[in-house]
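The structure appears below as structure tokens.
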Ligand SMILES: Nc1ncnc2c1ncn2[C@@H]1O[C@H](COP(=O)(O)OP(=O)(O)OP(=O)(O)O)[C@@H](O)[C@H]1O
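Residue numbers (my numbering): -17 to 211.
This is how it looks when you write it as structure tokens:
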């Protein structure tokens, strides 16, 4: 079980790649609707932490609790199902399906969860409007800008109304103006749907978007007192 009030919590996470330590006894927890920014130098373990929290990679030691589940105790199939229904993902380079239009990309996770095509496309259209990219709904990823692609990726991540959104440098490939807009849209939409957000970012103005910041350094997590970033 997760500790009282928290949605997702990790205890004693350790992960080593060969000789390279990536996580060294990490504790982490996030509440429903909370936006936590994960900062830290390159190679400090931020992506590894995000991947462990999302059940994409298994830690060598430690556990991740999500509600009544221990992610590490679930089978691969159970973890995949949970990721599909409860988690949303945004990566640095949208990772949209190149053969599908923007609309089809956003409708895809809804279709995979069993929503009928018409209804999935109706909801997808609403998300594209909300992310201000409805004009490119019929274009494929090769025919849109990087900023539009990231907005579509955010729409796709939120369309299934996930409880947790994992965003790994979602604005890393964008100029600062576009980056700030995407972060605003992502965090506003998450707050409206009470989704928690684990946000790995180098964005300097991160405090404007997050409720709390943590810093990962040498595989360990340090909470940042407010105002120090
Ligand atoms: N698949 C892998 N195989 C081997 N080593 C890895 C692998 N993934 C990460 N590492 C190593 O683990 C450490 C932590 O990497 P991680 O990607 O979690 O850091 P990060 O803080 O997200 O870095 P960045 O900000 O550069 O993306 C680094 O030393 C990295 O080289």
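In this text, a Cβ means the ideal position worked out from N, Cα and C, and glycines have one as well. In this text the structure is predicted, and so the values were computed from the model without any measurement.
At the C-beta level, residue 178 and residue 146 come within 8 Å of one another. The residue among 71, 152, 77, -1 with its C-alpha nearest the C-alpha of residue 42 is -1. A distance of 8 Å or more separates the beta carbons of residue 90 and residue 133. By the Cβ-count criterion, residue 119 is buried, with 16 or more other Cβ atoms from all chains shown falling within 10 Å of its own Cβ.
Here DSSP, grouped into helix, strand and coil, assigns residue 23 to coil.
Applying a distance threshold of 5 Å between residue Cβ atoms and the heavy atoms of ligand 1 selects -1, 2, 4, 24, 25, 26, 27, 28, 29, 30, given in chain order.
CA-CA distance, residue 125 to residue 50, rounds to 43 Å. Secondary structure in the segment 47 to 103: the alpha helix (DSSP H) runs of 4 residues or longer, each lying completely within the stretch, are 58 to 68, 84 to 94 in chain order.
The continuous beta strand (DSSP E) containing residue 195 extends over residues 194 to 199. In this structure, residue 139 and residue 78 do not form a Cβ contact; the two beta carbons are roughly 11 Å apart against a cut-off of 8 Å. The beta-bridge partner set that DSSP reports for residue 191 is empty. In summary, residue 28 is buried, with 16 or more beta-carbon neighbours lying within 10 Å of its beta-carbon over all protein chains present. If you draw a straight line from the Cα of residue -9 to the Cα of residue 92, it comes to about 26 Å.
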